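Peer 1: Sharing a structure here in structure tokens format.
As structure tokens, then:
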């Protein structure tokens, strides 16, 4: 570690904690009054209640008092790649109902005379720990763990206790601001998605170019663009939205040629057919939000081309099988592709671009169509050819494509700015934590007792204490209250408001989520129910009301 500020000292977690211990492997049950905190339940923001498990009541006496979590404890995931290192700080809310941890979680209990629990929790979150978590672990690749001894020996920079509290207060305030900023930023992708959907809806219904039609009323109608009538519309006029004058509902296959890609080689990755001069794409290369396909990862040689098919630049491509079914794109240059996609070509690049916009807008409808026949979802040519296409005159298609691309380019620029801002926000938390543990976040106070003096006094107190006798099972442990219909009714009677949500009730009745839900349904089903469920129009959510209110 770099040079420390005045009054700071380096210590180990063993120096500043009262208790470091892994939990035990319990026998689980579906319902009980003793929850077990497991790795899935531990999140940086706290304990995720819905992921708790529950102990078989027959095992209650196996948990001695020190194994129950307490306010200020840090619960630290201690096994498994990907989950090891994640932690949470136990708060008042977490101990309303007694809880223990399983054998994959370590309880780190700070000595609050030496270290502020939030200060320790922030240290565990810091890059100094999280970026080096694997170096603290022991075991093989698939069975790595943070042992109790490894955790106890981790070093931490200790500030004077008063300064620790100032640092924790400052970080609480700053990181709350960072979280608020992150939440506001994270609304942007959904806003942009809805914006693009609204643009596509307006563009393909005629609303977008209503002003243009008023100035360009003497244009060739869309019916003149249809070259042949081989296919009948899949939907009757009665089931299709009204279109502006000069627009027409047409069968897609009557306006454009639809043909499947081809690549009959099995296995598909046979190297004898690849590494040539012909660009080749597969279904995963389609952009999830549509638009131009500007890159390829594979090429076919002449042998590969002979068993495939090359489509010209400007062809619309749609995925017809798999998880990406309905995704669309436009070829930026000539490419080959597999039979999991269909190429659609009207012979005019502008029309193709309009078709792609229309199909992109209708993506969910097309996906639903693919499930209509049951079995493996897929889109057959028999579905695409008669699929209804809202067709405007060619000149209006050009105007639509131009306007959409201008607005989408604007949305793309906003998205780029969002991603840059999100990256900057993501860097703020580790930057603030690093500054905090270099002593750069709050000013030092020369009147604070140096951490070295504090630790020396704690060591002396520990040395002077007699050895603690081994606890017996008769020792006091948290009271475990069984949840019953009567206890739930009593809790409802004690609520300050007649109308309440499920979450508000849970705050006053700690216990098994599913058991509480079952009891509430039973109470609602009584001959003379003590509560009823209503829709709160103001809050736009379901709420409970005490009966008779």
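Residue numbers (the numbering used here): 395 to 943. Ideal Cβ placement from N, Cα and C applies to all residues, glycine included. Note that the coordinates shown come from a computational prediction; the quantities given were computed from them, not determined experimentally.
1. With a threshold of 8 Å between beta-carbons, can residue 469 be considered close to chain D, or not?
2. Residue 693 lies in the alpha helix (DSSP H); which residues open and close that run?
3. How far does the beta strand (DSSP E) with residue 470 in it extend, from its first residue to its last?
4. Which same chain residues end up closer than 7 Å to residue 402 when comparing Cβ atoms and leaving out the 5 residues on each side of it in sequence?
5. Taking the continuous beta strand (DSSP E) assigned at residue 634, which residues delimit it?
6. Take residue 472 and list the residues in its own chain whose beta-carbon comes closer than 8 Å to its own, dropping the five residues that flank it on each side.
7. Do residue 882 and residue 913 count as a contact pair if the criterion is CB distance below 8 Å?
8. Is the beta carbon of residue 511 less than 8 Å from the beta carbon of residue 411?
9. Residue 709: which of 434, 727, 611, 719 sits nearest, CA to CA?
10. Out of 680, 619, 635, which one is the CA nearest neighbour of residue 647?
11. Just confirm the distance between the C-beta atoms of residue 717 and residue 680, as a whole number of angstroms; I'd bet it's less than 8 Å.
12. Can you name the start and end residues of the beta strand (DSSP E) that residue 739 belongs to?
13. Given this structure, state the Cα-to-Cα distance separating residue 928 from residue 895, to the nearest angstrom.
14. Contact defined as beta carbons within less than 8 Å: I believe residue 518 pairs with residue 481. What is the distance between those atoms, to the nearest angstrom?
15. Does at least one heavy atom of the ligand MG sit under 7 Å from the Cβ of residue 474?
16. So, helix, strand or coil for residue 763, using DSSP?
17. Report the rounded CA-to-CA distance for residue 414 versus residue 502, giving the unit in angstroms.
18. Do residue 590 and residue 802 have their C-beta atoms closer together than 8 Å?
19. I need the boundaries of the alpha helix (DSSP H) containing residue 810, first residue and last residue.
20. Thinking C-beta only, is residue 641 closer than 8 Å to residue 827?
21. Cβ of residue 722 within 8 Å of Cβ of residue 684?
22. Rounded to the nearest angstrom, what separates residue 919 and residue 937 at their Cα positions?
23. Return the bridge partner residues of residue 925 from the DSSP annotation.
24. List the whole-angstrom C-beta distance separating residue 652 from residue 779, where the pair is believed to meet the contact cut-off of C-beta under 8 Å.
25. Taking just the CA atoms, how far does residue 686 sit from residue 975?
26. Determine the contact status of residue 744 and residue 792, defining contact as a CB-CB distance below 8 Å.
27. Under DSSP, the alpha helix (DSSP H) around residue 493 begins and ends at which residues?
28. From the DSSP output, which residues share a beta bridge with residue 729?
29. Would you say the region 659–667 touches the region 694–706, given that touching needs at least three Cβ pairs under 8 Å?
30. Does DSSP put residue 643 in a helix, in a strand, or in coil?
31. When you compare only the Cα positions, how much space is there between residue 676 and residue 580?
32. Could you name the residues that DSSP lists as bridge partners for residue 712?
33. Which partner residues does residue 499 have in the DSSP bridge list?
34. By the three-class DSSP mapping on this structure, what secondary structure does residue 654 have?
35. What does DSSP give as the partner residues of residue 430 in its beta bridges?
36. Taking the C-alpha atoms as reference points, what is the distance between residue 696 and residue 719?
Peer 2: A quick look at the data gives this:
1. This model lacks chain D altogether, as it is built from one protein chain only.
2. Here residue 693 refers to the residue found at position 299 when the chain shown is read from its first residue. First-last for residue 693: 692–694, but that is the beta strand (DSSP E), not the alpha helix (DSSP H).
3. Taking the chain shown and counting its residues from 1, one reaches residue 470 at position 76. Counted as a single uninterrupted DSSP element, the beta strand (DSSP E) harbouring residue 470 occupies residues 468–471.
4. Position 8 of the chain shown, counting from 1, holds the residue named residue 402. 551, 552, 553, 833, 845.
5. Here residue 634 corresponds to residue number 240 of the chain shown, with the count starting at 1. Looking at the DSSP string, residue 634 is not in any beta strand (DSSP E), and its letter there is neither H nor E.
6. Position 78 of the chain shown, counting from 1, holds the residue named residue 472. For residue 472, same chain residues with a beta-carbon under 8 Å away, outside a window of 5 residues either side, are 416, 478, 498, 499, 500, 539, 540, 541, 545 in chain order.
7. Your numbering for residue 913 matches position 519 in the chain shown. Your numbering for residue 882 matches position 488 in the chain shown. Going by C-beta atoms, residue 913 is nearer than 8 Å to residue 882.
8. For the purposes of this step, residue 511 is identified with residue 117 of the chain shown, where counting begins at 1. For the purposes of this step, residue 411 is identified with residue 17 of the chain shown, where counting begins at 1. Cβ distance not < 8 Å, so residue 511 and residue 411 don't count as in contact.
9. Translated into positions along the chain shown, residue 709 becomes position 315. Looking from the CA of residue 709, the closest CA among 434, 727, 611, 719 belongs to 727.
10. Walking along the chain shown from the start, residue 647 turns up at place 253. It is 619.
11. Against the chain shown, residue 717 aligns to sequence position 323. Against the chain shown, residue 680 aligns to sequence position 286. Actually they are not in contact, since the Cβ atoms of residue 717 and residue 680 sit about 11 Å apart, beyond 8 Å.
12. In the chain shown, the residue the question calls residue 739 occupies position 345. 735–739 is the extent of the beta strand (DSSP E) around residue 739.
13. By one-based count along the chain shown, residue 928 stands at place 534. By one-based count along the chain shown, residue 895 stands at place 501. One C-alpha to the other measures close to 10 Å.
14. Position 124 of the chain shown, counted from the first residue, corresponds to residue 518. Position 87 of the chain shown, counted from the first residue, corresponds to residue 481. By a beta-carbon distance limit of 8 Å, residue 518 contacts residue 481. Their separation comes to about 5 Å.
15. In the structure on display, the ligand MG does not appear, and there are no ligands present to speak of.
16. The residue given as residue 763 occupies position 369 in the chain shown. Of the three classes helix, strand and coil, the one that applies to residue 763 here is helix, per DSSP.
17. Reading the chain shown from its first residue, position 20 is the one you call residue 414. Reading the chain shown from its first residue, position 108 is the one you call residue 502. The straight-line gap from Cα to Cα measures roughly 5 Å.
18. On the chain shown, position 196 is the one that residue 590 refers to. On the chain shown, position 408 is the one that residue 802 refers to. A contact, by the Cβ cut-off of 8 Å.
19. For the purposes of this step, residue 810 is taken as residue 416 along the chain shown, with counting starting at 1. Unbroken alpha helix (DSSP H) run through residue 810: 788–830.
20. Along the chain shown, read from residue 1 onward, the residue named residue 827 stands at position 433. Along the chain shown, read from residue 1 onward, the residue named residue 641 stands at position 247. Between residue 827 and residue 641, the gap from beta carbon to beta carbon reaches 8 Å or more.
21. Position 328 of the chain shown, counted from the first residue, corresponds to residue 722. Position 290 of the chain shown, counted from the first residue, corresponds to residue 684. It is a contact, given that the beta carbons lie within the stated cut-off.
22. By 1-based counting over the chain shown, the position of residue 919 is 525. By 1-based counting over the chain shown, the position of residue 937 is 543. Cα-Cα distance, rounded: 16 Å.
23. Reading the chain shown from its first residue, position 531 is the one you call residue 925. DSSP lists 940 as partners of residue 925.
24. Taking the chain shown and counting its residues from 1, the one referred to as residue 652 is at position 258. Taking the chain shown and counting its residues from 1, the one referred to as residue 779 is at position 385. Going by Cβ atoms, the distance from residue 652 to residue 779 rounds to 6 Å, so yes, they are a contact pair.
25. No answer is possible for residue 975: the residues shown for the chain start at 395 and end at 943.
26. The residue labelled residue 744 in the question sits at position 350 within the chain shown. The residue labelled residue 792 in the question sits at position 398 within the chain shown. Against a cut-off of 8 Å, the Cβ pair of residue 792 and residue 744 comes out as a contact.
27. In the chain shown, the residue the question calls residue 493 occupies position 99. Careful: residue 493 lies outside any alpha helix (DSSP H) and carries neither H nor E.
28. Your numbering for residue 729 matches position 335 in the chain shown. Per DSSP, 705.
29. Counting Cβ pairs under 8 Å, three or more are found: they touch.
30. Translated into the one-based positions of the chain shown, residue 643 becomes position 249. Of the three classes helix, strand and coil, the one that applies to residue 643 here is strand, per DSSP.
31. What you label residue 676 is simply residue 282 of the chain shown in a count that begins at 1. What you label residue 580 is simply residue 186 of the chain shown in a count that begins at 1. If you take the alpha carbons of residue 676 and residue 580, they lie about 31 Å apart.
32. Translated into positions along the chain shown, residue 712 becomes position 318. Note: residue 712 sits in a beta bridge opposite 722, 736.
33. If you number the chain shown from 1, residue 499 lands on position 105. Looking at the DSSP output, residue 499 shares a beta bridge with 471.
34. Start at 1 with the first residue of the chain shown, and residue 654 comes out as number 260. Strand at residue 654.
35. Position 36 of the chain shown, counted from the first residue, corresponds to residue 430. Residue 430 pairs with 447, 494.
36. On the chain shown, position 302 is the one that residue 696 refers to. On the chain shown, position 325 is the one that residue 719 refers to. The alpha-carbon atoms of residue 696 and residue 719 are separated by roughly 29 Å.
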